[in-house]
Amino acid sequence: MSDLPIDPPVDPALFGLNKVAYSPREVMELLGVSRARLYHSVSAGELKVCHFGSRSLILAGDLAQFLLTLRAKGIPSRKRTRTEPGFNAMGAQIEGAPE
5 MSDLPIDPPV DPALFGLNKV AYSPREVMEL LGVSRARLYH SVSAGELKVC HFGSRSLILA
65 GDLAQFLLTL RAKGIPSRKR TRTEPGFNAM GAQIEGAPE
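Right, here's the structure in full:
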């Protein structure tokens, strides 16, 4: 027997997933992320990809587990900086701007 912890299965229907498996392109569209961001999550071990012949597939259960993990981590989105009038994002004064 393996000593590796096994995550309890997550019902993909909780996230509105109705297929057994999704292509990387479909997952990119579902999540609204770029190909680079998707494959970063795969290479970081956050999202599992399986292969069926020459096709890469992401099983709905693995995608649901990934989404649950994101929710549990509470990863904040990138904060956008708001600048003061007359200053750029780096804090430097913009030429010709009123003081």
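Those letters in the sequence shown? Residues 5 to 103, by our numbering.
The C-beta atom is built at its ideal place from N, Cα and C for all residues, glycine as well.
Over what stretch of residues does the beta strand (DSSP E) that includes L72 continue unbroken? Not the beta strand (DSSP E): L72 falls in the alpha helix (DSSP H), residues A64 to K77.
For L18, does the three-state DSSP call read helix, strand or coil? In the structure shown, L18 adopts helical secondary structure according to DSSP, grouped into three states.
A40 in three-state terms, based on DSSP: When secondary structure is reduced to three states using DSSP, A40 falls in the helix class.
Where L61 falls: helix, strand or coil (DSSP): Note: L61 maps to strand in three-state DSSP.
Would you report the Cα separation of L2 and C54, rounded to the nearest angstrom? Only positions 5 to 103 of the chain appear in this structure, which leaves residue 2 out of reach.
Using 8 Å as the Cβ pair cut-off and three pairs as the minimum, do the segment 45-62 and the segment 17-37 touch? Counting C-beta pairs closer than 8 Å gives three or more between the segment 45-62 and the segment 17-37, which meets the contact rule.
May I have the straight-line CA-CA distance separating L67 from A40, to the nearest angstrom? Roughly 17 Å separates the two Cα atoms.
Based on DSSP bridge pairs, tell me the residues matched to A25. When DSSP reads this structure, A25 sits in a beta bridge with L63.
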